[in-house]
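A quick write-up on the structure given underneath.
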């Protein structure tokens, strides 16, 4: 019975990453997220007074928080 457990342990160790070997094909510091471009500046756009997010000039309500715009 002990030999069976040893074999299972060895097989799992090999399948789950080897025996202490390091992976050289993976990047050292992978990016966590893709870079987000800044929003295009639009002089006709307005800013929500509550959440400070930009909203289109023709909007009556904020698209982010839902507050009414003046």
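In my numbering, the protein residues as written are 18 to 87. Backbone N, C-alpha and C define an ideal beta-carbon position, used for all residues, glycine too. Keep in mind the model is a prediction, meaning the values are calculated, not measured.
Suppose the cutoff is 6 Å on Cβ atoms and the five residues either side in sequence are ignored; what does the same chain contact list for residue i look like?
i, result
"residue 79", "65, 72"
Would you kindly report the start and end of the unbroken alpha helix (DSSP H) that includes residue i?
i, result
"residue 19", "19-32"
If you drop the 5 nearest sequence neighbours on each side, which residues of the same chain put their C-beta closer than 8 Å to that of residue i?
i, result
"residue 77", "85, 86"
Select from the options the residue whose C-alpha is nearest the C-alpha of residue i.
i, options, result
"residue 67", "83, 75, 52, 74", "83"
Roughly how far, in whole angstroms, is the beta-carbon of residue i from the beta-carbon of residue j, given that I think they are within contact range, below 8 Å?
i, j, result
"residue 74", "residue 63", "6 Å"
Kindly list the residues whose CB is nearer than 7 Å to the CB of residue i, restricted to its own chain and excluding five residues on each side of it in sequence; keep chain order.
i, result
"residue 19", "none"
"residue 29", "none"
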